[in-house]
Structures are given as C-alpha cells and as structure tokens.
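Report on one structure; see the data block that follows.
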Amino acid sequence: MNIGLVAHDHKKDVLCEWSVSHRQRLAKATIYATGTTGKRLAEACPELTIHSLKSGPLGGDQQLGAMICEGRLNVLVFFIDPLSPHPHDVDVKALVRLATLYNIPHASNLATADIIIAALDVLPASKPLHRLD
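Counting from 1, position 75 in the sequence shown corresponds to residue 75 in the UniProt record's numbering; the numbering is continuous, with no gaps.
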C-alpha cells in the first residue's frame, strides 16, 4: 500500500499530528510525501517508511500525480489550506484531478482522512481501484 501525504504550510502541523495518531496503520504502508512535508513527517514519526519527493512548488505534486497515473499510489491525503493563496495552485488542482480521474481515495481534511485510514484494510494494496488505459 502506497500512500501520498502532503500538506500546505499552515496544515503541516495538522498532518503531523494526524500521522502520529495513526502511526500504527501508516506503518503498514509506504509513505510518499513532498519535500518539507516529508521532513516534518520523518521527525514526527521516525518509525515510518517515508520517501520524500521534491517540494510541491518544485514538482513534488506532479511527481505524486505521475505515480497515480502509473498505478503506484493507492491513497492521497492532501491537507489543503483553503485560506491562503498558493503560487502552484494549478499543480494542486492537477493532482486532485488525477486522484479523482483514477479513482484514488483522497482526502483534503481530517474527517475524510480518518475515514480512509480506517478503511485501509479493505482497499486494494497493489493497484488503484480503477485504472484508465
């Protein structure tokens, strides 16, 4: 099970706290995170396997999007800050669009993330729920 974890700057603390509270379930997965988010998660949960990609504005969001297209990402949790402007907003929209298009379970808030993490045992581990060819 490969899980993408991403958070905008004002949501990184929330994602780290959420990850700490769900570390036992997350420990069963391989985590992919964008640059700074990955560093923060590694500090908060050193027992997790976290692969840090590029920073979001430098292409990390697009790297996660490519993983979705290739069938290598099963779940995406992206805590978006809806109150702050983001210069790479188009990348964020593209990532969410791909998660939707490829039917990857994805959360942009705590409530949805909690539902998805609770359902990890029933989600397929090797491929997305639906694959476009």
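Cβ coordinates follow ideal geometry from the N, Cα and C atoms, glycine included.
* With a Cβ-Cβ cutoff of 8 Å, do residue 60 and residue 50 count as a contact? -> no
* **Contact check, residue 53 vs residue 32, beta carbons under 8 Å** => Their beta carbons are under 8 Å apart, which means residue 53 touches residue 32 by this criterion.
* Reference residue 97; option with closest CA among 76, 86, 20 and 112 -> Shortest Cα-Cα distance from residue 97 to any of 76, 86, 20 and 112 involves 76.
* Does the Cβ of residue 21 have 16 or more other Cβ atoms within 10 Å, making it buried, or fewer, making it exposed? -> The residue is exposed, with fewer than 16 neighbouring Cβ atoms inside 10 Å.
* Please report the Cβ distance between residue 73 and residue 115, rounded to the nearest whole angstrom; I am assuming they are in contact, meaning their Cβ atoms lie under 8 Å. => Not confirmed; about 18 Å, so no contact.
* What do you reckon, are the CB atoms on residue 8 and residue 84 nearer than 8 Å? -> yes
* Asked: Does DSSP put residue 30 in a helix, a strand or coil?
  -> Strand at residue 30.
* residue 89 burial status per 10 Å Cβ neighbour count (16 or more: buried) -> With fewer than 16 other Cβ atoms from the protein chains shown falling within 10 Å of its own Cβ, residue 89 counts as exposed.
* Just the C-alpha distance for residue 23 and residue 48, rounded to the nearest angstrom, thanks. => 7 Å
* Asked: With distances taken from CA atoms, which of 92, 30 and 120 is nearest residue 144?
  -> The structure shown does not extend to residue 144, since the chain spans only 1 to 133, so no value can be given for it.
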